[in-house]
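Let me begin by presenting the structure, written as structure tokens, before commenting on it.
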Amino acid sequence: MRTVASSDTKTGLAHMLDKIKSALLASFCGSLAAICTSCAAGHLLASRYQVTLTVILRYVFSAPANTWPHDVRGAATLVVAIFMACTFLLWLSLKDMRWGSSAGDLTGSYAISNLLSKSTIPAEPSIFAGTFSGKRLQVGIEDRGLVIGPPGTGKTAFLLNQVLQASASRLSFVLVDIKPELHTIIGASLKAKGYRVFRINPATVDADADHWNPLDEVNDETELAELCSALLPIRSPEEAPFIEAQRDWLEAAMFHVKSTPGGSLPSAFNLLSSESDPLKILSVLGRSQSPVSAQIARRMAAGLSGSKPDPLILQGLTGCMRSLKFLSLPGVQDSLGHSDFSIRDLGHSQVPSALFLQFEESKIAALGPLLAFAATASLTTLIRTANDRAPVALFLDELGNMPPLPNLAEKLNTIRSRHMPTWMYFQSAQQIEKRYGTGATDIFFASADVQMVFRLNDQATRALVSQLIGTTLKKKTTVSTDASGGRSHSQTRERVNVIEPHELGRLKPGQILLLYRGAAALGWATPYFVDYPKFRK
93 MRTVASSDTK
103 TGLAHMLDKI
113 KSALLASFCG
123 SLAAICTSCA
133 AGHLLASRYQ
143 VTLTVILRYV
153 FSAPANTWPH
163 DVRGAATLVV
173 AIFMACTFLL
183 WLSLKDMRWG
193 SSAGDLTGSY
203 AISNLLSKST
213 IPAEPSIFAG
223 TFSGKRLQVG
233 IEDRGLVIGP
243 PGTGKTAFLL
253 NQVLQASASR
263 LSFVLVDIKP
273 ELHTIIGASL
283 KAKGYRVFRI
293 NPATVDADAD
303 HWNPLDEVND
313 ETELAELCSA
323 LLPIRSPEEA
333 PFIEAQRDWL
343 EAAMFHVKST
353 PGGSLPSAFN
363 LLSSESDPLK
373 ILSVLGRSQS
383 PVSAQIARRM
393 AAGLSGSKPD
403 PLILQGLTGC
413 MRSLKFLSLP
423 GVQDSLGHSD
433 FSIRDLGHSQ
443 VPSALFLQFE
453 ESKIAALGPL
463 LAFAATASLT
473 TLIRTANDRA
483 PVALFLDELG
493 NMPPLPNLAE
503 KLNTIRSRHM
513 PTWMYFQSAQ
523 QIEKRYGTGA
533 TDIFFASADV
543 QMVFRLNDQA
553 TRALVSQLIG
563 TTLKKKTTVS
573 TDASGGRSHS
583 QTRERVNVIE
593 PHELGRLKPG
603 QILLLYRGAA
613 ALGWATPYFV
623 DYPKFRK
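All residue numbers for the sequence shown refer to this note's numbering, where the first residue is 93 and numbers rise by one.
Below, the structure written as structure tokens:
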């Protein structure tokens, strides 16, 4: 359950005062309309009865209403109706009026107070989402965050602050550390706070790193198929038949080793590369204890029999070995061969856990599918264990620099109640489209409760965010000069963007524009070394 922060009482009071001021203004204008109507009606009645207006007014104020003639009662009813109608219509127009600052001013007191009014109590498990007028915005564990900003704008320094702030409430988390540097900066601090800190780095031989076999985490065919999709993504419709053929071999091998003690991704690769004759491999898979593996093997064997064998089957094995040759690297064989821990345990212990999925940024082009494989296994496992664990956060840094996580866009709409605040970090909207397909940007933005942008360098993302913020009315003053030198002024109101696209390219380092639950404001993504000076170099 979300709880509104008590520190925002002033915000509620300011909104209430705005409503009172608008109601008083509407009542005043309604009263003026009623007075004008009274004067007109009084003159008509005075002319009808051939007396002065003073006599009519004296009679109205002195005689009981039940003794008034019908025409006087009708006039009084009209005055009351005019007052109520004018007041009501004006209230509808003025009820959202802000007296302190413009609702279209993203740095004004209204925009910031409106945003901060949606904050959760910091003492509860929550995620830090920036500073606005010196006050912190904390969002709930049910919220998903989308952060967009090119390199050098302060995303990573802010991400570290988010993690350190979350550790104050002992929130367990999984963090993609693609550079890798995040564990080096905050790992020791987390251990000092009592965290169990795990670090996986399959891209290199690292004797100090932990070991993790993701196949230990998955339980059914769908989950295992998703892991195969992460390792062998389909990048275009033209290559789909070839990738599907590669996936058949990988799935058959993974289901087979899954049914044996100690089965892992490296052992599945070792099986496929153990024989030069594909038929011998199919023979092993066809006798597998896994029904799925045996079924796939029989289907492929049938495709190779007859007078016209399917050429894609053998090409699939060759392509699979070529695409996944990185699985033979010593670092991969060692780090993913067995497990020192299980993600299923995250959120189950009184001791919080931190898992860093590390990678070597220079090897992302060649080994990127391996990182997507690990992230997919983490996400899938956390979704499955959601009902019997404490909240576990998922920080997917540099998500646009790794191959797509299968079905991520669809999962974003189902994880709201899964106790796993998920934050995704991209460099631009085009990066989302490139990785997840045409129209994916709309899905990601619609699925994210928190939408945060740093300085934007590309025009497309600027235009998109400007459109999301919306428009406001602005006064436009025109000065004209006639032939005799006389000057005249005229004012009109025109609809303009609350923030123009080019302004999003002028944000300062660390400055952010944030949208959250219908509110938007400009603020600051405070870097970790500001709130935690001990990390300052």
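Beta carbons are placed, not taken as given, at the ideal position from N, Cα and C, and that holds for glycine.
I need the DSSP call for residue i, collapsed to helix, strand or coil.
i: residue 479; result: helix
i: residue 544; result: strand
i: residue 451; result: coil
i: residue 57; result: With the chain running from 93 to 629 in the structure shown, residue 57 is simply not present.
i: residue 626; result: helix
i: residue 433; result: coil
i: residue 160; result: coil
i: residue 227; result: strand
i: residue 507; result: coil
i: residue 523; result: helix
i: residue 237; result: strand
i: residue 588; result: strand
i: residue 183; result: helix
i: residue 352; result: coil
i: residue 295; result: coil
i: residue 132; result: helix
i: residue 341; result: helix
i: residue 97; result: Bear in mind that a pLDDT of 40 at residue 97, under 50, signals an unreliable position, so the number given afterwards is only what the model happens to contain. Coil, per DSSP.
i: residue 605; result: strand
i: residue 289; result: strand
i: residue 140; result: helix
i: residue 579; result: strand
Looking only at its chain, what residues have a beta carbon closer than 7 Å to the beta carbon of residue i, apart from the 5 residues adjacent to it on each side?
i: residue 367; result: 373
i: residue 341; result: 364, 408, 409, 412
i: residue 179; result: 118, 119, 122
i: residue 573; result: 579
i: residue 210; result: 608, 609, 611
i: residue 296; result: 423, 452
With a threshold of 8 Å on Cβ separation, who are the neighbours of residue i within its own chain once the five nearest residues in sequence on each side are excluded?
i: residue 552; result: 520, 521, 522
i: residue 619; result: 246, 249, 250, 252, 253, 602
Strictly under 8 Å for the Cβ-Cβ distance: is residue i near chain C by that measure?
i: residue 474; result: In the displayed structure, chain C is absent; only one protein chain is listed.
What residue does the alpha helix (DSSP H) around residue i start on, and which one ends it?
i: residue 247; result: 247-259
i: residue 222; result: It is not in any alpha helix (DSSP H) - residue 222 instead sits in the beta strand (DSSP E) that spans 218-224.
i: residue 202; result: 201-208
i: residue 414; result: 403-415
i: residue 153; result: 145-154
i: residue 373; result: 370-378
i: residue 279; result: 274-284
i: residue 322; result: 313-323
Which residues mark the beginning and the end of the beta strand (DSSP E) in which residue i is found?
i: residue 264; result: 264-269
i: residue 488; result: 484-488
i: residue 514; result: 514-518
Who are the near neighbours of residue i in its chain, counting only those whose CB is closer than 6 Å to its CB and skipping five residues on each side?
i: residue 478; result: 510, 511
i: residue 626; result: none
i: residue 613; result: 198, 203, 204, 207, 224
i: residue 544; result: 239, 604, 606
i: residue 275; result: 269, 291, 448
i: residue 438; result: 264, 445, 484
Work out the CA separation of residue j and residue i for me, nearest whole Å.
i: residue 611; j: residue 412; result: 48 Å
i: residue 396; j: residue 387; result: 15 Å
i: residue 607; j: residue 251; result: 17 Å
i: residue 238; j: residue 488; result: 10 Å
i: residue 455; j: residue 594; result: 35 Å
i: residue 194; j: residue 202; result: For residue 194, the predicted structure reports a pLDDT of 49, less than 50, and the residue's modelled location is therefore unreliable. The matter cannot be settled from this model.
i: residue 148; j: residue 115; result: 31 Å
i: residue 435; j: residue 515; result: 18 Å
i: residue 400; j: residue 394; result: 11 Å
i: residue 351; j: residue 306; result: 14 Å
i: residue 529; j: residue 458; result: 21 Å
i: residue 507; j: residue 173; result: 53 Å
i: residue 339; j: residue 313; result: 13 Å
i: residue 138; j: residue 108; result: 44 Å
i: residue 152; j: residue 176; result: 20 Å
i: residue 271; j: residue 531; result: 29 Å
i: residue 415; j: residue 320; result: 12 Å
i: residue 98; j: residue 493; result: Here the model assigns residue 98 a pLDDT of 38, short of 50, so the residue's position is not dependable, and the following value carries that caveat. Residue 98 and residue 493: Cα-Cα distance of roughly 40 Å.
i: residue 337; j: residue 402; result: 10 Å
### Message
Three Cβ pairs or more, each shorter than 8 Å: is that satisfied between the segment 222-231 and the segment 436-455?
### Response
no
### Query
Would you say the segment 460-468 touches the segment 235-250, given that touching needs at least three Cβ pairs under 8 Å?
no
### Query
If we count Cβ pairs, one from each stretch, closer than 8 Å, do we get three or more for the segment 373-387 versus the segment 431-443?
no
### Message
When you compare the segment 489-501 with the segment 282-302, are there three or more beta-carbon pairs, one atom per stretch, that lie closer than 8 Å?
### Response
no
### Message
Under 8 Å: do the segment 544-559 and the segment 253-263 share three or more Cβ pairs, one atom per stretch?
### Response
no
### Query
Looking at C-beta atoms only, is the number of pairs between the segment 127-147 and the segment 168-177 that lie closer than 8 Å three or more?
yes
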